[in-house]
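Visitor: Remember, my numbering sits 97 above the position in the sequence shown when you count from 1.
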Amino acid sequence: MFDSNLFLESQDVDSLIHSLNCRCKSILDVVAPFKSNRVTRKPFSPWINDSIQNLKRLCRKTERLWKSTKLEVHRLYLKDLMLSLNELIKKVQSCKDDIDELPAHAWSSFSPVTQDDILALVTTMKPSFCLADVLPCKLLLKVFDAIGPWVTRMFNLSLSSGVFPSFFKHAFVEPLLKKSNLDPTDPKIFRPISKLPFLSKVLEKVVSEQLVSFLQDRNVFDRFQSGFRKHHSTETALLKVSNDILMSADSGKCTVLVLLDLSSAFDTVNHEILLSRLRELVGLS
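(1) Hey, quick one: how far does the beta strand (DSSP E) through residue 270 stretch, first residue to last?
(2) What does residue 287 pair with, by DSSP beta-bridge criteria?
(3) Let me know if residue 247 comes out buried or exposed under the rule of 16 or more other beta-carbons within 10 Å of its beta-carbon.
(4) When you compare each of 268, 306, 143 to residue 294 by their alpha carbons, which one comes out closest?
(5) Would you say residue 270 and residue 218 are within 8 Å of each other, going by their C-beta atoms?
(6) So for residue 292, helix, strand or coil by DSSP?
(7) Classify residue 252: buried if its beta carbon has 16 or more other beta carbons within 10 angstroms, exposed otherwise.
(8) Tell me which same chain residues have a C-beta within less than 7 Å of the C-beta of residue 258, skipping the five on either side of it?
(9) Please identify the residue among 209, 163, 150 whose C-alpha is closest to the C-alpha of residue 256.
(10) So the alpha helix (DSSP H) residue 215 belongs to, where does it begin and stop?
(11) From residue 324 to residue 369, what does the alpha carbon distance come to, in whole angstroms?
(12) Can you tell me which of the three DSSP states residue 320 falls into?
(13) In chain order, what residues of the same chain lie with their CB nearer than 7 Å to the CB of residue 190, ignoring the 5 residues before and after it?
(14) Are the beta-carbon atoms of residue 321 and residue 337 separated by less than 8 Å?
(15) By Cβ distance, which residues of its chain are closer than 6 Å to residue 221, with the 5 residues on each side in sequence left out?
(16) Verify whether the separation of the beta carbon atoms of residue 264 and residue 114 is less than 8 Å.
(17) Assuming residue 331 and residue 342 make a contact with CB atoms under 8 Å, what is their CB distance in whole Å?
(18) Which value, in whole angstroms, describes the spacing of the CA atoms of residue 202 and residue 314?
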């Protein structure tokens with residue numbers, strides 16, 4: 098079974114994924130019912146500070162005192178405290194109206210994910226298999242209640258430390274024929290397909306969703322960008338270009354269209370420039 102001490106104390110994401118794989122192998126043949134009971138505690142609202150909490154404690158203490166003594170002086174004191182508490186809460190809640198913008202460093206980290214968040218992603222992603230996967234996707238879903246805490250801990254440690262597990266960086270390359278009628282003895286007509294561990298794709302999806310949401314909130318994307326955006330595609334790009342051409346023709350203007358096709362476009366992206374722009378625009382490190 099799982100070593101709870103290692104689960105709670107380990108701060109190394111690579112050791113966590115290694116331990117997870119080893120233990121999954123050891124319990125694959127074990128069949129047992131799993132039941133869980135989650136106890137959750139409603140967190141405080143982010144605007145409740147120490148002053149509000151201390152004043153609320155004093156109100157509860159004074160209320161108990163008044164109920165035991167029934168003295169008018171204690172009732173009036175409680176009334177004054179409640180008025181002060183309400184005024185303080187209104188003052189704190191209204192502070193957001195005085196803030197023009199949040200500093201960039203406030204957005205320099207990823208938010209932790211829950212086990213339910215990860216499970217929702219796993220169920221919506223296309224199943225895939227890699228030789229590095231200890232558990233196939235279907236089996237992973239069936240036992241996710243058992244290994245979910247480990248996966249959640251591993252993902253959150255990766256997000257907080259900024260370390261992508263080394264195990265997730267290793268891919269198995271599968272050569273596939275570009276066309277079925279080509280000569281399979283010629284290595285040049287094969288297309289290499291890199292297959293990564295399924296959980297690495299889930300972690301990438303977690304980062305992608307938070308990063309895209311962050312960039313959208315900061316209005317970093319170009320207004321007419323169609324690639325790699327939700328509800329956008331080549332269709333929206335063609336509609337925009339066609340509309341511009343028709344509008345130009347209706348206005349009696351000449352239209353010149355320049356199309357650029359970059360070979361291996363992603364390989365031409367300078368990572369240093371990209372990270373520098375993200376750091377300057379939105380404070381992303």
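C-beta: ideal position from N, C-alpha, C; glycine also.
Guide: Let me spell this out:
(1) The sequence position of residue 270 within the sequence shown is 173, counting from 1. Segment 269-274, the beta strand (DSSP E) holding residue 270.
(2) Sequence index remark: in the sequence shown, residue 287 carries index 190 (1-based). The partner list for residue 287 (beta bridge, DSSP) reads 274.
(3) Start at 1 with the first residue of the sequence shown, and residue 247 comes out as number 150. Per the 10 Å Cβ criterion, buried.
(4) By 1-based counting over the sequence shown, the position of residue 294 is 197. It is 268 whose Cα lies nearest to the Cα of residue 294.
(5) In the sequence shown, counting from the first residue as 1, residue 270 sits at position 173. In the sequence shown, counting from the first residue as 1, residue 218 sits at position 121. Not a contact, by the Cβ cut-off of 8 Å.
(6) Indexing the sequence shown from 1 puts residue 292 at position 195. The answer is strand: DSSP assigns residue 292 an E or B state.
(7) As a position in the sequence shown, residue 252 is number 155, starting the count at 1. Its Cβ being crowded by 16 or more others within 10 Å, residue 252 is buried.
(8) Along the sequence shown, read from residue 1 onward, the residue named residue 258 stands at position 161. Spatial neighbours of residue 258 in its own chain (CB-CB distance under 7 Å, excluding positions within 5 residues in sequence) are listed in chain order as 110.
(9) Position 159 of the sequence shown, counting from 1, holds the residue named residue 256. Answer by Cα proximity: 209.
(10) The residue labelled residue 215 in the question sits at position 118 within the sequence shown. That run of the alpha helix (DSSP H) goes 212-221.
(11) On the sequence shown, position 227 is the one that residue 324 refers to. On the sequence shown, position 272 is the one that residue 369 refers to. Rounded to the nearest angstrom, the two C-alpha atoms are 22 Å apart.
(12) Taking the sequence shown and counting its residues from 1, the one referred to as residue 320 is at position 223. Residue state, collapsed to three classes: coil.
(13) Reading the sequence shown from its first residue, position 93 is the one you call residue 190. So the list reads 144, once near-sequence residues are dropped.
(14) If you number the sequence shown from 1, residue 321 lands on position 224. If you number the sequence shown from 1, residue 337 lands on position 240. Cβ atoms of residue 321 and residue 337: closer than 8 Å.
(15) Within the sequence shown, residue 221 is the residue found at index 124, counting from 1. Excluding positions up to five away in sequence, the list is empty.
(16) Mapped onto the sequence shown, residue 264 falls at position 167. Mapped onto the sequence shown, residue 114 falls at position 17. Contact: yes.
(17) If you number the sequence shown from 1, residue 331 lands on position 234. If you number the sequence shown from 1, residue 342 lands on position 245. Going by Cβ atoms, the distance from residue 331 to residue 342 rounds to 16 Å, so no, they are not a contact pair.
(18) On the sequence shown, residue 202 is found 105 positions in, with the first residue counted as 1. On the sequence shown, residue 314 is found 217 positions in, with the first residue counted as 1. Residue placement at residue 202 is poorly supported in this model, since its pLDDT is 49, which falls under 50; the coordinates are not used for a value here.
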